[in-house]
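A.B. asks:
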Amino acid sequence: MYNFQEIEKKWQNIWENDKVFFVKNEKDSLNVPKFYCLEMFPYPSGRIHMGHVRNYAIGDAIARFKRIKGYNVLHPIGFDSFGLPAENAAIKHKTNPAEWTKSNIEYMIKQLKELGFSYDWSRLVITSEPEYYKWEQLFFLRMYKKGLAYKKNSLVNWCGSCSTTLANEQVEDGKCWRCGSDVTVKNMDQWFFKITAYAEELLKDIDTLEGWPDKVKIMQKNWIGKSSGLTVNFKIAGSDENFIEIFTTRPDTIFGATYIAVSPLHPAAKNLIKNSKDLEKLETMRHNSLVSKDISEKEGFFTGSYAVNPFTDKKIPVFIANFVLMDYGTGAIMSVPAHDARDFEFAKKYGIEIIQVIEPAKEAETNNTSEDTADMPYTDGGILVNSGDFSGIASEDAKEKIADFAEKKGIGKKVTNYRLRDWGISRQRYWGCPIPIVYCEKCGIVPLNENDLPLILPDDVVFTGEGASPLKKHKSFIDTKCPKCGGKAERETDTMDTFVESSWYFLRYTLSEEKEKNPFKSEDVRYWLPVDQYIGGVEHAVMHLLYSRFFVKALRDLNYIALDEPFKNLLTQGMVIKNGAKMSKSKGNVVDPDGLIKKLGADTVRLFVLFAAPPEKDLEWSDSGVEGAYRFINKFYKIAADFSEIVKDAEGKFYVEGSNISQSSSNAASLNISAYEIKKADVNPSVKELIYRLNGIIEKTETEMNGRYHFNTVISSSMELINAFNDFTGALGREKLALLNKSDKYLLKHFLNSVILILYAFIPHVCSEIFEILNGSFIEDENWPEKIDAGYSKENCNIAVQVNGKMRDVVTAGIDSDEETVLKTALNSPKIKKYAEDKSVIKKVIYVKNKLLNIIV
RNA sequence: GCGAGAGUGGCGAAACUGGUAAACGCACUGGACUUAGAAUCCAGCGGAGCAAUCCUUGGGGGUUCGAGUCCCCCCUUUCGCACCA
């Protein structure tokens, strides 16, 4: 009987002791194609959850398949081990973040090993270790020297009660995710990476990522948010030198601009205001836009100043408006209420003039013209009207012409804007990579010397949970000497965003030796990168994947590597849900992998997770479905073990013609049919058919495992094969099975071995075991099964017969029969007669060979 | 509001370039084995109908000999962005 506990332990020990999945010296393997299979590494929260199991089961299936196919496979794992939870645990349980993290990692490694994933553990990466983060500090210094890392004053999310900044994703409905108090906006000095310098390249190269889901590519494109438009200077009425610079993507509507709207945070806002009482209003509005990002109600007021539309020479009012963002474009806009929804809403509210300057190009839309202008603006392109010399021109044309005109007159400039902002990496936290910078009284901001790295995060800190980061109170860390002048200096106490670590860990995995001397080696990166298959959740579609792309490009420009894009193919797996909701403690619908592994085994859990849905879809958890997976594995094991008992001879060898294929020989498991000549005439017709079906599924598996990764259909095909095998052997009975001739036995063994090799990717422990029982050798030494011609020839096939496109009957005909023959047979069928005969005339016949016949009467 | 998906039995899902819809599994029902149960095995299982037969891929229309699959409109739903000018 199938004892999964024993079997799984046995194979896990063998894999570990024999280093089965360690990458064999890649320098000698350059003649074999490489395959880098990568799963997003976990945060060491304490336990592996079902989402991890799914993610890693997918990756492992691919890695194992590719190995059997003969690839040189790199399949690593690590831990993204810096981050706030460790600090929270430190506060709550009075533990040390380093120790808490370490014990979590140890436990999770144990879990991953119990799940039997085929990682090369020698390449384990733990990002909170100095041997890892010291390289990150080095990259920071190099980026600083190149101007890619810089410091500036900026607005950040601030939780007053936790005394720390929060990342955007840690702000939920304007409240702190941890303590629930209101989040405000604060002005602070922050370190940034200049990701905007790569905005255009990051956008352009998205088109080269053919193996990425469109969804993710679109999300990244939207995030980068490129838009091209025009800046135009609007002179302040009554002044010769003062003007407001606005940004617009619709220069074609400029004749319809009836007011200027300026952000309350605009530096010129104060000077525009004529009535001193309005300065208070400005202050309130400034405060509001700083404190909350919510602008559900458009508000504003007239400054008392007017600007001159350079195209119409008309004076138009200048408003301060809360919906105008300071950090996009120029912080001021020209408002065209007739053709922009927001401008329209604002103009209606404050009674500002609305002038139509675009007419829909098509006259076709007749019935809703009058209504349109009253209730909503017309925001599409069309033909210009009321636009001076530009009237009559189409929008797209006019955009160009008006922009050219503005540039020629020196009042405007064509510009490209990006929504993408520079990446703020400063965190006022302890458990992160220290930023290697000191502040010297004399020299100002001074980077550390590279050979002073690593700057180690001190271990002796006190967590109170109150006030600033513990680093801020750590005198011996802060007090230092200036690397430049040797005078008194203080260290930077901010640490880096943890997305920095995950932006290059996949490069570190390629390093196998001299780890203390290099972050990675360029020749290793050249060999292994790009990652052939990256697998992870969609939640990282923008941040992590965009930051990693940026980092690779930056490292390229720092001459570390020659690589433009890190991830060739990306698979975003769906969530694991139960009772229609994402598993969470608060909903009480969490399924713990540990318990299931103990109860039903790792193979069962893995099989269910891969079988229940294709990887990109959400997976609905089902306890009885898991039991079904368990049943299948049991059945599979029993069928194979029984078969091996029956067909073995007294010496425990298989009946196989030619002594070169036996348990004792070195290539015992060889499926290479050239070693044995099948006597086709002797083969049982049912066995022939089994082999024929097998061939089709070997082929199907190969295409499926080559990028589509619908493991569920591969598994169901394997189940069909096992069922067919069982039907055959069951019907025959043990005695007759034992009396089958050698060709039959050989082919049946080949059949089972092939199914084992297909399923090995999904349920490796039990497949390794069955393979050993059947062949006495290791499955990892085996090759992917070849298709065998066992002499099966289809004589007849079923042909669907339709009359006027409706399914009416199925007839049997010889394979490759011509239309005439099939039609004759079909017309003999009583069912068809009934439908076709009384209509007397056959107008047309459509015949698809071996498949379908459609009679049109 | 904008953008991108999804909608097939009681459930998870199959169906490669349009060609026998529902493979595989779960649940369920009946049977065998058993003192009984569990496990296992066999059979059935989209809907209506005694049956012949008819209907069925969110709804409506279209293209086609033929549509789950292609085109148009609508409904529902999930996700992402959300005043980016």
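Just so we're aligned, residue 4 is where the first sequence starts under the numbering used here, counting upward by one. Cβ atoms here follow ideal geometry from the backbone N, Cα and C, with glycine treated the same way.
Measuring only the C-alpha atoms, how far is Arg-529 from Glu-203?
C.D. replies: For Arg-529 and Glu-203, the distance between alpha carbons rounds to 24 Å.
A.B. asks: Alpha carbons only, please: which of Ser-506, Leu-275 and Leu-724 is nearest the one belonging to Gly-241?
C.D. replies: Leu-275
A.B. asks: Would you tell me roughly how many angstroms separate the C-alpha atoms of Ser-720 and Ile-700, rounded to the nearest one?
C.D. replies: 7 Å
A.B. asks: Which residues does DSSP pair with Asp-21 in a beta bridge?
C.D. replies: In the DSSP output, where bridge partners are listed per residue, Asp-21 has none listed.
A.B. asks: Only counting the same chain, and skipping five residues up and downstream in sequence, which positions put a Cβ closer than 7 Å to that of Leu-697?
C.D. replies: Leu-724, Phe-754 and Ser-757
A.B. asks: Please tell me whether Phe-502 and Tyr-537 are closer than 7 Å, where the distance is taken between their beta carbons.
C.D. replies: no
A.B. asks: I'd like to know whether the C-beta atoms of Gly-583 and Lys-620 end up nearer to each other than 7 Å.
C.D. replies: Pairing Gly-583 with Lys-620 gives a Cβ-Cβ distance that is not under 7 Å.
A.B. asks: Residues in its own chain within less than 8 Å of Asp-123 by CB, not counting five upstream and five downstream?
C.D. replies: Excluding residues within five positions, the ones whose Cβ falls inside 8 Å are Phe-24, Phe-25, Val-26, Leu-77, His-78 and Pro-79.
A.B. asks: Hey, out of Gly-214, Ile-227, Thr-104 and Ile-249, whose CA is closest to Ala-409's CA?
C.D. replies: Ile-249
A.B. asks: With Glu-362 and Ile-396 assumed to form a contact (beta carbons below 8 Å), what rounded beta-carbon distance in angstroms separates them?
C.D. replies: That pair is no contact at about 12 Å.
A.B. asks: In the DSSP assignment, find the unbroken alpha helix (DSSP H) run with Asn-756 in it and report its ends.
C.D. replies: 745-762
A.B. asks: To which residues of the same chain is Ile-209 closer than 7 Å at the C-beta, ignoring the five residues directly before and after it?
C.D. replies: Lys-220, Gln-223 and Lys-224
A.B. asks: Counting Cβ pairs closer than 8 Å, one from the stretch 106-125 and one from the stretch 48-59, do we hit at least three?
C.D. replies: yes
A.B. asks: Let me check understanding here. Comparing Cα to Cα, which of Leu-206, Pro-450, Thr-211 and Glu-9 lies closest to Lys-149?
C.D. replies: Of Leu-206, Pro-450, Thr-211 and Glu-9, the residue nearest in Cα terms is Pro-450.
A.B. asks: With H, G and I counted as helix, E and B as strand and the rest as coil, what does DSSP make of Arg-711?
C.D. replies: Residue state, collapsed to three classes: helix.
A.B. asks: Enumerate in chain order the residues of its own chain whose CB-to-CB distance from Ser-732 is below 7 Å, with the five nearest sequence positions on each side excluded.
C.D. replies: The displayed chain sequence assigns Thr, not Ser, to residue 732. If the five residues before and after Thr-732 are omitted, its C-beta is found closer than 7 Å to the C-beta atoms of Phe-646 and Leu-740, all from its own chain and listed in chain order.
A.B. asks: Helix or strand or just coil, what does DSSP make of Gly-733?
C.D. replies: helix
A.B. asks: Less than 7 Å separating the beta-carbons of Leu-603 and Phe-765?
C.D. replies: no
A.B. asks: Evaluate the contact criterion for the stretch 545-553 versus the stretch 516-536: three or more CB pairs, one atom per stretch, below 8 Å.
C.D. replies: Taking one beta carbon from each stretch, the stretch 545-553 and the stretch 516-536 have fewer than 3 pairs nearer than 8 Å; the two do not touch.
A.B. asks: Closest to Val-769 by C-alpha separation, out of Ala-605, Ile-61 and Thr-483, would be which residue?
C.D. replies: Ala-605
A.B. asks: In angstroms, rounded to a whole number, what distance separates the CA positions of Leu-855 and Lys-797?
C.D. replies: 17 Å
A.B. asks: Pick from Ile-239, Lys-834, Cys-800 and Val-806: whose alpha carbon is nearest that of Ile-818?
C.D. replies: Cys-800
A.B. asks: Would you mind sorting Glu-336 into buried or exposed? The rule is 16 or more other CB atoms within 10 Å of its CB.
C.D. replies: In the sequence as displayed, the identity of residue 336 is Ile instead of Glu. Ile-336 counts as buried, since at least 16 other C-beta atoms from the protein chains shown sit within 10 angstroms of its C-beta.
A.B. asks: Answer yes or no: do Gly-81 and Tyr-749 have a C-beta to C-beta separation smaller than 7 Å?
C.D. replies: no
A.B. asks: Tell me where the beta strand (DSSP E) around Pro-320 begins and ends.
C.D. replies: 318-324
A.B. asks: Which residues does DSSP pair with Thr-256 in a beta bridge?
C.D. replies: Partner(s): none; Thr-256 has no beta bridge.
A.B. asks: Rounded to the nearest angstrom, how far is the Cβ of Glu-11 from that of Gly-163, given a contact under 8 Å?
C.D. replies: With a Cβ gap of about 51 Å, Glu-11 and Gly-163 do not count as contacting.
A.B. asks: For a minimum of 4 consecutive residues, which ranges assigned as the alpha helix (DSSP H) are wholly contained in the stretch 576-627?
C.D. replies: Within the stretch 576-627, complete alpha helix (DSSP H) segments of at least 4 residues are found at 596-603 and 605-614, given in chain order.
A.B. asks: Measure the C-alpha to C-alpha separation of Thr-382 and His-342 and round it to an integer number of angstroms.
C.D. replies: 5 Å
A.B. asks: Between the Cα of Gly-415 and those of Val-441, Lys-487, Asn-312 and Val-464, spot the shortest distance and give me the residue it belongs to.
C.D. replies: Asn-312
A.B. asks: Are Ser-429 and Trp-194 closer than 7 Å when you measure CB to CB?
C.D. replies: Yes; because the gap between Cβ atoms is below 7 Å, this pair is in contact.
A.B. asks: Distance check for Gly-736 and Ser-689, CA to CA, integer angstroms please.
C.D. replies: Straight-line Cα distance between these residues: approximately 14 Å.
A.B. asks: Going by DSSP, what residue range makes up the beta strand (DSSP E) through Lys-154?
C.D. replies: 152-162
A.B. asks: Would you kindly check if the distance between the Cβ of Ala-829 and the Cβ of Val-860 is under 7 Å?
C.D. replies: no
A.B. asks: Pick out whichever of Val-35, Glu-9 and Tyr-135 has its Cα sitting closest to the Cα of Leu-510.
C.D. replies: Tyr-135
A.B. asks: Using the Cα positions of Ala-816 and Lys-836, report the straight-line distance between them to the nearest angstrom.
C.D. replies: 17 Å
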